[in-house]
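Input: a single structure, listed below in structure tokens.
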Amino acid sequence: MNRIVYIFAFLLLTHCQMIPLSRSPEGLAILQGPTNQSETQLVVLALKNEKYTHLLKEKSSGKVIKAVSEQKVERSHSPWAVYTVQYKELKVGETYQLSWSKKNGEILDERELTTLDPKKNQWTLGLVSCMADKVEGQKAQWLDLASNNPDAIFMIGDNVYIDWGIKSKMLSMTTQEIWNRHVETRNTLEVFRLKKLIPIYSTWDDHDYGSGDGDLSFHLKDESKEIFRQFFPAHRIRGLEMGRGVGFSVELFGQQFLFLDDRSFRTPKHLKSTQSHFGDSQSTWLLQKVQGFSGRTWLMSGDQFFGGYHPFESFQGDHPQDFKNFLFSLKKIKNPVLFVSGDRHLSEVMAIPKKILGYPTYEITSSGIHSTVHPGSFEKNPNPYMVKGADGIINYMVIKGISQGKRTHLEIFDFGPNRKLLFQHEIAL
Numbered sequence: 001m002n003r004i005v006y007i008f009a010f011l012l013l014t015h016c017q018m019i020p021l022s023r024s025p026e027g028l029a030i031l032q033g034p035t036n037q038s039e040t041q042l043v044v045l046a047l048k049n050e051k052y053t054h055l056l057k058e059k060s061s062g063k064v065i066k067a068v069s070e071q072k073v074e075r076s077h078s079p080w081a082v083y084t085v086q087y088k089e090l091k092v093g094e095t096y097q098l099s100w101s102k103k104n105g106e107i108l109d110e111r112e113l114t115t116l117d118p119k120k121n122q123w124t125l126g127l128v129s130c131m132a133d134k135v136e137g138q139k140a141q142w143l144d145l146a147s148n149n150p151d152a153i154f155m156i157g158d159n160v161y162i163d164w165g166i167k168s169k170m171l172s173m174t175t176q177e178i179w180n181r182h183v184e185t186r187n188t189l190e191v192f193r194l195k196k197l198i199p200i201y202s203t204w205d206d207h208d209y210g211s212g213d214g215d216l217s218f219h220l221k222d223e224s225k226e227i228f229r230q231f232f233p234a235h236r237i238r239g240l241e242m243g244r245g246v247g248f249s250v251e252l253f254g255q256q257f258l259f260l261d262d263r264s265f266r267t268p269k270h271l272k273s274t275q276s277h278f279g280d281s282q283s284t285w286l287l288q289k290v291q292g293f294s295g296r297t298w299l300m301s302g303d304q305f306f307g308g309y310h311p312f313e314s315f316q317g318d319h320p321q322d323f324k325n326f327l328f329s330l331k332k333i334k335n336p337v338l339f340v341s342g343d344r345h346l347s348e349v350m351a352i353p354k355k356i357l358g359y360p361t362y363e364i365t366s367s368g369i370h371s372t373v374h375p376g377s378f379e380k381n382p383n384p385y386m387v388k389g390a391d392g393i394i395n396y397m398v399i400k401g402i403s404q405g406k407r408t409h410l411e412i413f414d415f416g417p418n419r420k421l422l423f424q425h426e427i428a429l
């Protein structure tokens, strides 16, 4: 009897993982990572036992652009490999044609891409989080977002639901499962199939960390970080500085964006005497970056900052004393910040009173582009700071900005399915 149970469990687990992993979808999953005016990096997911060639050329002249570096990462248990390719000497305003082929000349995929001018004073961002690959409707959401022609997409957490699945609920998490869930998600989501690639900047939250509401005690945090950055690179590009954990900073459009790691260093909630949300090293780095930048800094974190109004994870709710100390340090610096978050499976704009930091600011929450939703969230947990919000519906944000010196004007659009406008809000900073 025990043998029968064992065989059944084994078949159930392998069936859950191997069906999506053994099937090769049409074309390839391709991500364009952080990009500036002359450099970009691409991540291509392809079967590891094939031999490939790739070609990037100017669409206008046919000039071939040679890759300056190539890297292949694979795992013994998986048929898939991650290929990271970097290009330099590109031009702003030029459209490039990418083709990826087998050694025999069979073209597997073709895409278009452009560079990103970080000095633009009029710009558009896509802001997304919570991308559950097993939820219906994701293809239409990504196509709708892409139709807004964003200069970049910011993925601010739960980009991969590693801990959603039969195996993670029955057995301990493994590095194989972390890799497999990245592969499954990459092969599923339409954002990696877009005809015209869009630069993507990303950090994580608990589900792509690999541990629901996880903290520094997660036993695979280092392995998970390594795999995350293989699928979502954030290095090798001028103008981008690595931070702590999976965090980094980048200057775009006269703004400084700090993508923070809200999981690797956070202490468990029950430890009242040693509270830390971002960890001492990352907090010091964060404050130094804010102090060293004369313009506005966007603080990007997977879960909410000003989330004390609800019982779910947030900086204010989980680590209240650390949150008070954090705000006190920001207030002393005086250089302005804007807060951005995901996680909540709803969208909202909060107006943060002037008395808190010495100037008025906001927190913008975008969640989730395709995930579970919870109607009535605002009735159950009203937010005293909210000026606009939408719950009970999947959504994504498009932010249109105009930068003029130290002044920034933002127009925020929150869209549901079929490009239904859930709300619109303007902010003058």
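Under the working numbering, the letters of the sequence shown match residues 1 to 429, in that order. C-beta: ideal position from N, C-alpha, C; glycine also.
Among the options, nearest to residue i - alpha-carbon criterion
i, options, result
"residue 303", "270, 295, 315", "315"
"residue 430", "142, 110, 140, 159", "The chain is shown only over 1 to 429; residue 430 falls outside these bounds and no answer can be derived."
"residue 339", "127, 219, 38", "127"
"residue 28", "347, 150, 42", "42"
"residue 80", "55, 119, 264, 184", "184"
"residue 511", "369, 389, 371, 370", "Because the chain in this structure spans residues 1 to 429, residue 511 falls outside the shown range and cannot be described."
"residue 103", "135, 55, 285", "55"
"residue 227", "34, 52, 117, 175", "175"
"residue 407", "301, 380, 296, 320", "296"
"residue 235", "330, 86, 50", "86"
Exposure label - residue i; buried when at least 16 CB within 10 Å
i, result
"residue 277", "buried"
"residue 242", "exposed"
"residue 169", "With a pLDDT of 48 at residue 169, under the threshold of 50, the modelled position of that residue is not reliable, and no figure is offered here."
"residue 177", "buried"
"residue 405", "exposed"
"residue 336", "buried"
"residue 428", "exposed"
"residue 153", "buried"
"residue 280", "exposed"
"residue 270", "exposed"
"residue 63", "exposed"
"residue 418", "exposed"
"residue 328", "exposed"
"residue 181", "buried"
"residue 222", "exposed"
"residue 282", "buried"
"residue 399", "buried"
Three-state secondary structure assigned by DSSP to residue i
i, result
"residue 247", "coil"
"residue 138", "helix"
"residue 209", "helix"
"residue 419", "helix"
"residue 321", "helix"
"residue 21", "Confidence is the limiting factor: at residue 21 the pLDDT is only 41, short of 50, which leaves the residue's position unreliable and the question unanswerable from this model."
"residue 41", "strand"
"residue 285", "helix"
"residue 84", "strand"
"residue 234", "coil"
"residue 177", "helix"
"residue 427", "strand"
"residue 144", "helix"
"residue 99", "strand"
"residue 407", "strand"
"residue 313", "coil"
"residue 369", "coil"
"residue 76", "coil"
"residue 226", "helix"
"residue 128", "strand"
"residue 333", "helix"
"residue 91", "coil"
"residue 269", "coil"
Residues bridged to residue i (per DSSP)
i, result
"residue 123", "401"
"residue 259", "248, 300"
"residue 351", "362"
"residue 64", "57"
"residue 389", "348"
"residue 414", "397, 423"
"residue 46", "81"
"residue 326", "According to DSSP, residue 326 bridges with nothing at all."
"residue 71", "84"
"residue 112", "97, 196"
N-terminal and C-terminal residue of the beta strand (DSSP E) that residue i is part of
i, result
"residue 339", "337-341"
"residue 275", "Looking at the DSSP string, residue 275 is not in any beta strand (DSSP E), and its letter there is neither H nor E."
"residue 54", "52-58"
"residue 202", "200-203"
"residue 31", "29-32"
"residue 242", "240-242"
"residue 152", "152-156"
For residue i, the first and last residue of its enclosing alpha helix (DSSP H)
i, result
"residue 106", "Run containing residue 106: none; DSSP gives neither H nor E here."
"residue 379", "377-380"
Proximity test, Cβ basis, 8 Å: residue i and chain C
i, result
"residue 56", "Within the model displayed, chain C is absent; a lone protein chain is all it includes."
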